[in-house]
Amino acid sequence: MKTWHRFAACIALGLVGGAAFAVHQVRGDYADKQVHNGQWSANTDQGTASASALTRAKVALNGLLALPAKEAMYFITRTDSEGRPLEGRCTYTVTGGELDARWWSVTLYKGEGWLVKNAANRWSVAGNAPARDAQGNWSFTVSPNPTEGVWLPTGRTPHFDLTLRTYHPRGALLNDPANAKLPTVTREACA
Amino acid sequence: MIRNWMFPIIAGLLVSAFAWQGVLFATPYALMSKAMDVIGARAPANSFAFGALANADNQPIVRPSPDLVYSSCVFDVSKGPVLVDVASVPGHYWSVSIFDARTDVAAVRSDRDTGGKRARLALIKTGQTAPQGYEPVRLQYDRGIALIRILLSSPAEYPVVDAIRRKSTCKQL
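Protein sequences, first through last, are from chains A and B.
The opening residue of the first sequence carries number 1 in the numbering used here; numbering runs sequentially from there.
The opening residue of the second sequence carries number 1 in the numbering used here; numbering runs sequentially from there.
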């Protein structure tokens with residue numbers, strides 16, 4: 001093999017390998033400066049000039065035009081509270097207490113972040129929708145079929161994620177998101 | 001044998017590092033450019049497109065919120081400042097955010113920041129000045145997106161909120 005053949009092979013492999021690794025990183029779960037709280041994760045420097053190239057690329061792919069943290073914190077989970085992937089054929093109960101923000105909602109997405117077609121034409125649950133008990137706790141159901149109470153349809157998409165939006169977050173939600181009290185997602189049954 | 005391959009392998013590793021960083025660097029610009037094309041097709045440059053509520057059949061950008069009404073303006077300050085004038089929607093969360101071509105937020109102002117008054121922003125680049133009465137927003141790039149978000153408590157509020165938001169303007173000075 002001639003010298004230039006060896007260079008050409010290594011450079012071609014380097015180009016493909018480097019680009020493939022970048023795509024893998026952008027599409028994967030890992031991100032620097034990502035905060036984890038139970039099964040939820042959030043970026044704290046999205047939209048800022050200090051964001052790393054990886055964070056900027058991941059936000060561009062999964063949440064283009066997202067607001068910076070002081071305006072809104074976005075928490076995403078792709079698993080239930082036991083770490084199992086969220087599946088459209090299963091029923092889940094989402095339970096939580098008051099969140100320290102001006103307004104919040106939970107929205108169901110598939111893939112990189114697309115609303116799922118469903119017969120009820122419902123894609124999110126706003127913070128004012130579920131009833132509260134005496135302690136201020138609330139719950140709603142995520143399932144393929146209608147249920148009593150507040151219901152968020154899965155549209156039977158194979159896999160989905162839930163995005164918790166908190167606008168004008170305060171206290172721990174903004175300053176210590178890794179330890180803020182966030183909702184739990186409990187799997188009840190699978191069809 | 002090993003000596004024959006040492007320099008080609010080093011060259012390959014260097015190229016892979018450049019390719020890795022190059023893809024990470026280029027991704028936000030590419031996706032933002034695509035978003036500007038999609039949103040820009042809905043209204044001329046430097047003017048607001050008043051989008052309908054997001055649903056499964058209307059998702060111009062990734063991860064839209066079905067609870068928010070979005071209005072977007074693809075701006076270009078290359079020929080002069082662009083003035084963004086946002087009507088306040090009483091009793092509702094609203095904000096206007098300015099995203100540059102790299103996806104960075106150059107400014108965000110909400111009803112909390114303006115005390116319920118309208119937001120008046122002048123998007124400018126180096127060498128341009130903001131007219132009186134407008135808050136200057138200095139940009140590193142000529143193009144970007146101004147995005148208004150308005151929260152609805154229920155879809156029934158849409159007609160009233162829609163009428164108010166259409167008083168917002170995005171125009172070249």
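Positions of the beta carbon are idealized from the N, C-alpha and C atoms, including for glycine.
For clarity, every value in this text was computed on a predicted model and none was experimentally measured.
- Proximity of B/Pro8 to chain A, defined by a Cβ-Cβ separation below 8 angstroms, is satisfied.
- Contact check between the stretch 105-117 of chain B and the stretch 25-38 of chain B: fewer than three CB pairs, one atom from each, fall below 8 angstroms, which does not count as touching.
- Cβ atoms of B/Cys170 and B/Val105 stay farther apart than 8 angstroms, at about 17 angstroms.
- Inclusion of B/Val96 and B/Ile148 in the CB contact set at 8 angstroms is warranted, their separation being smaller than that value.
- CA-CA distance, A/Arg102 to B/Ala52, rounds to 24 angstroms.
- When secondary structure is reduced to three states using DSSP, A/His159 falls in the strand class.
- DSSP, reduced to helix, strand and coil, places A/Arg165 within a strand of the structure shown.
- Counting C-beta pairs closer than 8 angstroms gives fewer than three between the stretch 59-70 of chain B and the stretch 170-190 of chain A, which falls short of the contact rule.
- Under the three-state reduction of DSSP output, B/Asp85 falls in the strand class.
- Around the beta carbon of A/Ser52, fewer than 16 other beta carbons lie within 10 angstroms, which makes this residue exposed.
- Within the stretch 100-162 of chain B, the runs of beta strand (DSSP E) at least 3 residues long that lie entirely inside it are, in chain order, 105-110, 119-124, 135-138 and 143-151.
- Within the stretch 84-95 of chain A, no residue places its CB atom closer than 9 angstroms to a CB of chain B.
- For a Cβ distance threshold of 7 angstroms, residue set Asn55 of chain B lies close to A/Asn121, ordered along the chain.
- Spatial neighbours of B/Val161 in its own chain (CB-CB distance under 8 angstroms, excluding positions within 5 residues in sequence) are listed in chain order as Val69, Val89, His92, Ile150 and Leu152.
- Taking C-alpha positions only, A/Val142 is separated from A/Leu152 by approximately 5 angstroms.
- Pairing A/Ser41 with A/Thr163, the inter-Cα distance amounts to about 10 angstroms.
- A/Glu112 counts as exposed, since fewer than 16 other C-beta atoms from the protein chains shown sit within 10 angstroms of its C-beta.
- The CB of A/Ser105 comes closer than 8 angstroms to the CB of Ser65 and Asp67 in chain B, given here in chain order.
- Residue-level contact by beta carbon fails for A/Glu98 and chain B, as no gap is shorter than 8 angstroms.
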